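Here's the structure we're looking at; comments come further down.
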Amino acid sequence: MIRIRHLAAVAAVGLAGAVSAPAALADEPNPAPAPVEAVTDSPATTISPVGYADRTMQEFGAGDDIDFQRDTTADARSAIIAHEGAAKHWQRTGAEGAAGHVYVTYVNTETHDHLTLGVNTTMGTDHDHLVDTAR
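Using mature numbering (1 follows the signal peptide of the UniProt record, and there is no 0), the letters of the sequence shown map in sequence onto residues -26 to -1, 1 to 109.
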């Protein structure tokens, strides 16, 4: 299953191996808060940087430590875990790209806590630990 996710992530980037932040956001128009959507494991599914951040939030909320560790750096993981009391009920409120990253912002609908994940787009989505920033 991990290999299928890995291959789906590779397909999201294509042969170029890297994606620019504006292109990464082009498929994710979402001006209003949106619930974190389920990301399927189908080989035909492509995962955008925003989808990658959504998947990371799903893993965090579900307590999926194996995938959560695979998708985040140690620093990002520590910053996300600091929100442990608010692990569920996150809604995406926005996304923007800058300097090789896509920053995806979430708000917790129960605690009103905010969390922004930085997804590294310079490596392409065929690598692990792409969520390298959380604040």
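We put the CB at the ideal spot given by N, CA and C, even for glycine.
Computed from a predicted structure; not experimentally measured.
Spatial neighbours of residue i within its chain, please: CB distance less than 6 Å, with the 5 preceding and 5 following residues excluded, ordered by chain position.
{"i": "Tyr77", "result": "Glu70, Thr90, Gly92"}
{"i": "Val105", "result": "Thr30, Asp45, Thr46, Ala50, Leu91, Val93"}
{"i": "Ala108", "result": "Ala50, Ala53, Ile54, Leu91"}
{"i": "Pro23", "result": "Ala(-3), Val76, Val93, Thr95"}
{"i": "Trp64", "result": "Val10, Met31, Tyr80, Asn82"}
{"i": "Gly35", "result": "Ala61, Lys62"}
{"i": "Asp102", "result": "Arg44"}
Exposed or buried, residue i, counting other C-beta atoms within 10 Å across all chains shown (16 or more means buried)?
{"i": "Asp28", "result": "buried"}
{"i": "Ala48", "result": "exposed"}
{"i": "Ile40", "result": "exposed"}
{"i": "His75", "result": "buried"}
{"i": "Glu33", "result": "buried"}
{"i": "Ala60", "result": "buried"}
Can you tell which of the options has its C-alpha closest to the C-alpha of residue i?
{"i": "Met97", "options": "Ala108, Ala73, Asp87", "result": "Ala73"}
{"i": "Glu84", "options": "Ala36, Gln43, Lys62, Gly68", "result": "Lys62"}
Using a Cβ-Cβ cut-off of 8 Å (strictly less than) and excluding sequence neighbours within five positions of residue i, which residues of its own chain qualify?
{"i": "Asp38", "result": "Gln32"}
{"i": "Gln43", "result": "Arg51"}
Enumerate in chain order the residues of its own chain whose CB-to-CB distance from residue i is below 7 Å, with the five nearest sequence positions on each side excluded.
{"i": "His57", "result": "Asp87, Leu89"}
{"i": "Thr67", "result": "Pro7, Thr79, Tyr80, Val81"}
In the stretch 21 to 103, which residue ranges form an unbroken beta strand (DSSP E) of at least 3 residues, counting only runs that do not cross its ends? Entirely contained in the stretch 21 to 103, the beta strand (DSSP E) runs reaching 3 residues are, in chain order, 64 to 72, 75 to 82, 88 to 94.
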